[in-house]
Amino acid sequence: MTKSKLTSSERREQILNELKQTVEPKTGKELSELYSVSRQVIVGDVALLKAQNEPIMSTSQGYIYMSQQEETPRYERTIACCHNKEQTEEELNVLVDHGVYVKDVIVDHPIYGEFKAVLHISNRVDVKKFKAQIDQSNAALLSELTGGVHLHTIAANEEALLDQAEQALRDQGFIVED
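Here is the structure:
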């Protein structure tokens, strides 16, 4: 069904409904094809929705509507890592293989300050998608701005899973030690 005859406000309402009805991220490209507009129009629509305090999160996999539902309590921890671009997939697989959810990546740039990007990675499928995006875009990782040093906020339903994942990263030499 083509939605090209919608006004911009109707389109934003439809985008919001689309994001609310799905748990999988929707890319700007998918939404632009669905509504027969450019990806840049979608970026602008999402920016306007965010400005109206809609809890839409931009992730590396696309846009997600963050519902207000109660989530299972999780333990969270921030870990400091260091590795090169080629080791990114290995690092993320170690984390998800230990039942850990990777919320984000954070770097502290010496001039611009903190940069944070939502990753939303919880399994090997997510890791493969993220790696494919890196390969297709040939974009630099945030950690490349800081010589490979970066932080991850990780979460799990059990603190022991965080401990095990962190130890596995330490064993691989990915953890920045004091």
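Quick note: the sequence shown, position 64, residue 64 per UniProt numbering, numbers continuous. C-beta: ideal position from N, C-alpha, C; glycine also. Bear in mind that the values here come from a model prediction, so they are computed numbers and not experimental data.
- Within the UniProt domain "Helix-turn-helix type 11" (11-64), the complete beta strand (DSSP E) runs of at least 3 residues fall at 56-59.
- The three-state secondary structure of ASP104, taken from DSSP, is strand.
- The alpha helix (DSSP H) runs of length 4 or more contained entirely in the UniProt domain "3H" (79-174) are, from start to end of the chain, 88-97, 124-137, 159-172.
- For GLU144, same chain residues with a beta-carbon under 7 Å away, outside a window of 5 residues either side, are LYS85 in chain order.
- Per the coordinates, the alpha-carbon of LEU161 lies some 17 Å from the alpha-carbon of ASP104.
- Straight-line spacing of the CA atoms in PHE130 and LYS29 works out to 16 Å.
- ASP45 and ASP178 have their C-alpha atoms some 44 Å from each other.
- The count of Cβ pairs closer than 8 Å, one atom from the region 34-48 and one from the region 99-117, stays below three, leaving the stretches out of contact.
- Around the beta carbon of PRO55, fewer than 16 other beta carbons lie within 10 angstroms, which makes this residue exposed.
- With respect to VAL102, ALA168 sits apart: the two C-beta atoms are not nearer than 8 Å.
- Counting other Cβ atoms within 10 Å of its Cβ, GLU166 reaches 16 or more and is therefore classed as buried.
- Rounded to whole angstroms, the gap between the alpha carbons of VAL125 and GLN164 is 21 Å.
- In this structure, HIS150 and VAL107 form a Cβ contact; the two beta carbons are roughly 5 Å apart against a cut-off of 8 Å.
- ARG12 and HIS152 have their C-alpha atoms spaced approximately 32 Å apart.
- With distances taken between CA atoms, ARG74 lies nearest to GLU158 out of ASP171, ARG170, GLU158.
- For the set GLY173, LEU49, LEU19, the Cα lying nearest the Cα of TYR63 is the one of LEU19.
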